[in-house]
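**Student:**
Protein chains: 2
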Amino acid sequence: MAVYTEVTDDALAAFLADYDIGELIAFRGIAEGVENSNYALRTEAGDFILTLYEKRVDPADLPWFLGLMEHLARHGLSCPLPVRARDGVALRRLAGRHAAVTTFLPGVWPRRVRVEHCAPVGAALARLHLAGAGYGAERANALGPASWAPLLARIGDGADSVRAGLGAELTAALGRLLATWPASLPRGHIHADLFPDNVFFLGGEVSGLIDFYFAATDLFAYDVAICLNAWCFEADGACNVTKARALLRGYQQIRPLAEAERAALPVLAQGAAMRFLLTRLYDWLNTPADALVVRKNPLEYLRRLRFHLDATSEAAYGL
Amino acid sequence: MAVYTEVTDDALAAFLADYDIGELIAFRGIAEGVENSNYALRTEAGDFILTLYEKRVDPADLPWFLGLMEHLARHGLSCPLPVRARDGVALRRLAGRHAAVTTFLPGVWPRRVRVEHCAPVGAALARLHLAGAGYGAERANALGPASWAPLLARIGDGADSVRAGLGAELTAALGRLLATWPASLPRGHIHADLFPDNVFFLGGEVSGLIDFYFAATDLFAYDVAICLNAWCFEADGACNVTKARALLRGYQQIRPLAEAERAALPVLAQGAAMRFLLTRLYDWLNTPADALVVRKNPLEYLRRLRFHLDATSEAAYGL
Numbered sequence: 001m002a003v004y005t006e007v008t009d010d011a012l013a014a015f016l017a018d019y020d021i022g023e024l025i026a027f028r029g030i031a032e033g034v035e036n037s038n039y040a041l042r043t044e045a046g047d048f049i050l051t052l053y054e055k056r057v058d059p060a061d062l063p064w065f066l067g068l069m070e071h072l073a074r075h076g077l078s079c080p081l082p083v084r085a086r087d088g089v090a091l092r093r094l095a096g097r098h099a100a101v102t103t104f105l106p107g108v109w110p111r112r113v114r115v116e117h118c119a120p121v122g123a124a125l126a127r128l129h130l131a132g133a134g135y136g137a138e139r140a141n142a143l144g145p146a147s148w149a150p151l152l153a154r155i156g157d158g159a160d161s162v163r164a165g166l167g168a169e170l171t172a173a174l175g176r177l178l179a180t181w182p183a184s185l186p187r188g189h190i191h192a193d194l195f196p197d198n199v200f201f202l203g204g205e206v207s208g209l210i211d212f213y214f215a216a217t218d219l220f221a222y223d224v225a226i227c228l229n230a231w232c233f234e235a236d237g238a239c240n241v242t243k244a245r246a247l248l249r250g251y252q253q254i255r256p257l258a259e260a261e262r263a264a265l266p267v268l269a270q271g272a273a274m275r276f277l278l279t280r281l282y283d284w285l286n287t288p289a290d291a292l293v294v295r296k297n298p299l300e301y302l303r304r305l306r307f308h309l310d311a312t313s314e315a316a317y318g319l
Numbered sequence: 001m002a003v004y005t006e007v008t009d010d011a012l013a014a015f016l017a018d019y020d021i022g023e024l025i026a027f028r029g030i031a032e033g034v035e036n037s038n039y040a041l042r043t044e045a046g047d048f049i050l051t052l053y054e055k056r057v058d059p060a061d062l063p064w065f066l067g068l069m070e071h072l073a074r075h076g077l078s079c080p081l082p083v084r085a086r087d088g089v090a091l092r093r094l095a096g097r098h099a100a101v102t103t104f105l106p107g108v109w110p111r112r113v114r115v116e117h118c119a120p121v122g123a124a125l126a127r128l129h130l131a132g133a134g135y136g137a138e139r140a141n142a143l144g145p146a147s148w149a150p151l152l153a154r155i156g157d158g159a160d161s162v163r164a165g166l167g168a169e170l171t172a173a174l175g176r177l178l179a180t181w182p183a184s185l186p187r188g189h190i191h192a193d194l195f196p197d198n199v200f201f202l203g204g205e206v207s208g209l210i211d212f213y214f215a216a217t218d219l220f221a222y223d224v225a226i227c228l229n230a231w232c233f234e235a236d237g238a239c240n241v242t243k244a245r246a247l248l249r250g251y252q253q254i255r256p257l258a259e260a261e262r263a264a265l266p267v268l269a270q271g272a273a274m275r276f277l278l279t280r281l282y283d284w285l286n287t288p289a290d291a292l293v294v295r296k297n298p299l300e301y302l303r304r305l306r307f308h309l310d311a312t313s314e315a316a317y318g319l
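Top to bottom, those sequences are chains L and G.
Final position of the first sequence in my numbering is 319; the numbers increase by one with none missing.
Final position of the second sequence in my numbering is 319; the numbers increase by one with none missing.
(1) Tell me the DSSP secondary structure of L/Pro298 in three-state form.
(2) Quick check on G/Leu12: buried or exposed, where buried means 16 or more other Cβ atoms within 10 Å of its Cβ?
(3) Mind checking which residues open and close the beta strand (DSSP E) that includes G/His75?
(4) Does the separation of the CB atoms of L/Leu41 and L/Pro106 fall below 7 Å?
(5) Quick one: give me the first and last residue of the alpha helix (DSSP H) that L/Gly96 is part of.
(6) Helix, strand or coil for L/Ala311? Go by DSSP, reduced to three states.
(7) Between L/Val108 and chain G, is there a C-beta pair that is closer than 7 Å?
(8) Report the rounded CA-to-CA distance for G/Ile190 versus G/Leu128, giving the unit in angstroms.
(9) Please list the partners that G/Gly29 has in chain L, where partner means a Cβ-to-Cβ separation under 8 Å.
(10) In chain order, what residues of the same chain lie with their CB nearer than 6 Å to the CB of G/Gly167, ignoring the 5 residues before and after it?
(11) Taking the beta strand (DSSP E) that G/Leu202 falls in, what are its first and last residues?
(12) Decide if G/Asp10 is buried, meaning its Cβ has at least 16 other Cβ atoms within 10 Å, or exposed.
(13) Kindly say whether L/Asp197, judged by its beta-carbon, lies nearer than 7 Å to any beta-carbon of chain G.
(14) Taking 7 Å as the threshold (beta carbon to beta carbon), is G/Ala2 in contact with chain L?
(15) Applying the 10 Å Cβ sphere with the 16-neighbour rule, what's the burial state of L/Leu305?
(16) Are the Cβ atoms of L/Val199 and L/Trp109 separated by less than 7 Å?
(17) Quick check: the Cα distance between G/Arg249 and G/Leu185, rounded to an integer number of angstroms?
(18) For G/Arg42, which residues does DSSP report across the bridge?
(19) Which residues in chain G have a C-beta closer than 7 Å to the C-beta of L/Val7? List them in chain order.
(20) Could one say the Cβ of L/Ile25 lies closer than 7 Å to chain G's Cβ atoms, at least one of them?
(21) Among L/Thr8, L/Asp211, L/Thr180, L/Leu174, which one has its Cα closest to the Cα of L/Ala192?
(22) What is the rounded straight-line gap between the Cα of G/Leu72 and the Cα of G/Ala126?
(23) In the structure shown, what three-state DSSP assignment does L/Asp10 receive?
(24) Assign G/Ser78 to buried or exposed, taking buried as 16 or more other Cβ atoms, counted over all protein chains shown, within 10 Å of its Cβ.
(25) Rounding to the nearest angstrom, what Cα-Cα distance links L/Arg245 and L/Leu277 in this structure?
(26) Looking at L/Pro82 and L/Met69, is the spacing between their C-beta atoms short of 7 Å?
(27) In this structure, how does DSSP classify G/Phe104 when only helix, strand and coil are distinguished?
(28) So which residues of chain L does G/Leu128 contact, with C-beta pairs closer than 7 Å?
(29) Tell me the rounded alpha-carbon separation between G/Tyr53 and G/Val101.
(30) How far does the alpha helix (DSSP H) with G/Ser184 in it reach, from first residue to last?
(31) Alpha carbon to alpha carbon, what distance is there between L/Glu234 and G/Gly165?
(32) For L/Phe65, write down the residues that DSSP places opposite it in a beta bridge.
(33) Anything in chain G within Cβ reach of L/Leu202, meaning under 9 Å, just list it in chain order.
(34) Rounded to whole angstroms, how far is the Cβ of G/Gly67 from the Cβ of G/Ala131, which I believe are closer than 8 Å?
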């Protein structure tokens, strides 16, 4: 749930006065997104999203995120385009927060993933990877492999409070996957969080990708592995190989995976499962029960991790 | 915070197929409203709000609410107009809930009430009262004076757990106000919950009134008294007489209050403060701490109640 920061009408009017987007027509909080406060904003110039960046986003990263979105949009990807104010600056301040206005994207995110969603989302991810070429600055992946052992250490005994034996299981799995983590696969700018609520569809096609606030410079195939975890498992934790095959085929129609990338899919998928398992576990243990945030069950990712640990080749994903 | 019920794309597509409003273009949860789930819905025909009615609304009342909104909109009030599906029926089912599509209203609700808001909201309330004439069916006010003693009894000792002595103070105040409650003032259909988040403004004028799910048939001046409580007190609990005067003058420009209505304002305002104090107190004591609902501080209304108990005439409100 979103909207952590309320914006007074006076503050909003003063903020919008710096833009060339006409008079305010409507302004409603959006109940989506878990990191930032988002508002649907309508002015005489059309529809926009106003985002106030809350404390989980490092302000130092915001110019990179907004620059990436602008680069991707200019290179043909349907993603939010940051709107610059009259002084040419897109990143501004509002209600004590960093804030930006971006364009509104049509579409609906799939509440229930069907096989038919998977090829389009794979293709959209590949287009994102290609469109990012030429955006020069790099951003290290703060939630990449180097972060997992320290995060597991911070969780400490908390893991076993969620499930007996979980700490030891994660320690063993992490040691194994880090030992075989690929060093030299193709890399570039990745979304790193392309879950269903970040992908809008319209008429069966992807109409837009949103929420680039985990984007980073890392292995393309790791981004694919994140999508396999996010899109290709059923509610009971079972892998749906039909979905995985569709997602990978959709991706490869735009950007074929190298043999080394395909071979690394099991370990990359283990890493992706580990990343979401650890951050959810940390949040589970550290979010006050009365916070206005839905805590996501970390154990959904334990089932995925075990599946990937058993996978011996890309055949596990239908290739 | 809203959006308690998730709607799958399949269910939404099937639901919209019954309407003549074109293809789906966008669908976003709205983080406003505390009783129901609301979505901003865009189709080829324009913008709409989709509401799923959650358990606090009695389904038996929904036809009355939707009929009132349709009547008010047809009589010139800017309020959501229920959109009928092809079969002529506006009240439908979606995702296991009763559901309705209404028109989208432009405007922004005032996060911080200024004096300039008060005359327009008073006038809008009077227009609502006049526009409701001719809507034949009545709905008893389930949260009217007859409900307050039973509600206080259900709260019981809980009152003193919030503040020592509160139970006795409320019992005394309730006895006093019920003894002088006016029996025969002008009545009709009232909004009964016209707080700032239910009033949209655009360019300094009221552009729309929303959320009619507490509407009922009751004293017009009681609705005015609810607005005095909702719009004319500062964050520290002090009455802002300038705001009260502006609200009452705005109201009277459209519908002059009878002498008996003006004289009854103190007791009606006591009742309005009692109503919100009691429901907030009940919710405060009965809402699980981890619910995704913002519990509103009941004691804000204790300060208002005391102010109204001290008021000896309408002069307390600037008349």
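Glycine is no exception: its CB is placed at the ideal position from the N, C-alpha and C atoms.
**Tutor:** By the coordinates alone:
(1) As a working note, residue 298 of chain L is residue 298 in the first sequence. Note: L/Pro298 maps to coil in three-state DSSP.
(2) Indexing the second sequence from 1 puts residue 12 of chain G at position 12. The residue is buried, with at least 16 neighbouring Cβ atoms inside 10 Å.
(3) Sequence index remark: in the second sequence, residue 75 of chain G carries index 75 (1-based). Where G/His75 is concerned, there is no enclosing beta strand (DSSP E), given that its DSSP letter is neither H nor E.
(4) As a position in the first sequence, residue 41 of chain L is number 41, starting the count at 1. As a position in the first sequence, residue 106 of chain L is number 106, starting the count at 1. No, these two residues do not count as a Cβ contact at 7 Å.
(5) Taking the first sequence and counting its residues from 1, one reaches residue 96 of chain L at position 96. From DSSP, L/Gly96 is part of no alpha helix (DSSP H); its letter is neither H nor E.
(6) Your numbering for residue 311 of chain L matches position 311 in the first sequence. In this structure, L/Ala311 counts as coil in the three-state DSSP scheme.
(7) Residue mapping note: residue 108 of chain L aligns to position 108 of the first sequence, counting from 1. True, the Cβ-Cβ gap to chain G drops below 7 Å.
(8) One-based indexing of the second sequence puts residue 190 of chain G at position 190. One-based indexing of the second sequence puts residue 128 of chain G at position 128. Going from the Cα of G/Ile190 to the Cα of G/Leu128 covers about 8 Å.
(9) As a working mapping, residue 29 of chain G is identified with position 29 in the second sequence. Those are Ile30, Ala31, Glu32, listed as they occur along chain L.
(10) For the purposes of this step, residue 167 of chain G is taken as the residue at position 167 of the second sequence. If we look at G/Gly167 and ignore the five residues flanking it on each side, its Cβ neighbours are Ala159, Asp160.
(11) Position 202 of the second sequence, counted from the first residue, corresponds to residue 202 of chain G. Note, G/Leu202: beta strand (DSSP E), 199 to 202.
(12) Locating residue 10 of chain G in the second sequence gives position 10, counting from the first residue. Result: exposed.
(13) Indexing the first sequence from 1 puts residue 197 of chain L at position 197. Taking Cβ atoms only, chain G never reaches closer than 7 Å to L/Asp197, which makes this a no.
(14) Within the second sequence, residue 2 of chain G is the residue found at index 2, counting from 1. Caution is warranted here: a pLDDT of 49 is assigned to G/Ala2, below 50, making its placement in the model unreliable, and the coordinate value is therefore given only provisionally. Yes - at least one Cβ of chain L is within 7 Å of the one on G/Ala2.
(15) Start at 1 with the first residue of the first sequence, and residue 305 of chain L comes out as number 305. Result: buried.
(16) Position 199 of the first sequence holds residue 199 of chain L. Position 109 of the first sequence holds residue 109 of chain L. In contact: L/Val199 and L/Trp109 (Cβ atoms closer than 7 Å).
(17) Along the second sequence, read from residue 1 onward, the residue named residue 249 of chain G stands at position 249. Along the second sequence, read from residue 1 onward, the residue named residue 185 of chain G stands at position 185. Cα to Cα, the separation comes out at about 19 Å.
(18) For the purposes of this step, residue 42 of chain G is taken as the residue at position 42 of the second sequence. Looking at the DSSP assignment, G/Arg42 forms a beta bridge with G/Ala26, G/Asp47.
(19) Residue 7 of chain L sits at position 7 when you count from the first residue of the first sequence. Residues of chain G passing the Cβ test: Arg111.
(20) For the purposes of this step, residue 25 of chain L is taken as the residue at position 25 of the first sequence. At least one chain G Cβ lies under 7 Å of L/Ile25.
(21) Within the first sequence, residue 192 of chain L is the residue found at index 192, counting from 1. Nearest C-alpha to L/Ala192: L/Asp211.
(22) Position 72 of the second sequence, counted from the start, is the residue given in the question as residue 72 of chain G. Position 126 of the second sequence, counted from the start, is the residue given in the question as residue 126 of chain G. One C-alpha to the other measures close to 12 Å.
(23) In the first sequence, the residue the question calls residue 10 of chain L occupies position 10. In the structure shown, L/Asp10 sits in a helix (DSSP, three-state: H, G or I).
(24) Working through the second sequence from its first residue, we reach residue 78 of chain G at position 78. Label assigned to G/Ser78: buried.
(25) Translated into positions along the first sequence, residue 245 of chain L becomes position 245. Translated into positions along the first sequence, residue 277 of chain L becomes position 277. Those two C-alpha atoms are separated by around 23 Å.
(26) Taking the first sequence and counting its residues from 1, one reaches residue 69 of chain L at position 69. Taking the first sequence and counting its residues from 1, one reaches residue 82 of chain L at position 82. Yes.
(27) Your numbering for residue 104 of chain G matches position 104 in the second sequence. DSSP places G/Phe104 in coil when its eight states are reduced to three.
(28) Translated into positions along the second sequence, residue 128 of chain G becomes position 128. In chain order: nothing, as chain L lies at least about 21 Å away.
(29) Indexing the second sequence from 1 puts residue 53 of chain G at position 53. Indexing the second sequence from 1 puts residue 101 of chain G at position 101. If I take the Cα positions, the gap works out to 11 Å.
(30) Here residue 184 of chain G refers to the residue found at position 184 when the second sequence is read from its first residue. Careful: G/Ser184 lies outside any alpha helix (DSSP H) and carries neither H nor E.
(31) As a working mapping, residue 165 of chain G is identified with position 165 in the second sequence. As a working mapping, residue 234 of chain L is identified with position 234 in the first sequence. For G/Gly165 and L/Glu234, the distance between alpha carbons rounds to 55 Å.
(32) Residue 65 of chain L sits at position 65 when you count from the first residue of the first sequence. Its beta-bridge partners do not exist; DSSP assigns none.
(33) Taking the first residue of the first sequence as 1, we reach residue 202 of chain L at position 202. Neighbours of L/Leu202 on chain G, chain order: Glu23, Leu24, Ile25, Ala26.
(34) Against the second sequence, residue 67 of chain G aligns to sequence position 67. Against the second sequence, residue 131 of chain G aligns to sequence position 131. That pair is no contact at about 13 Å.
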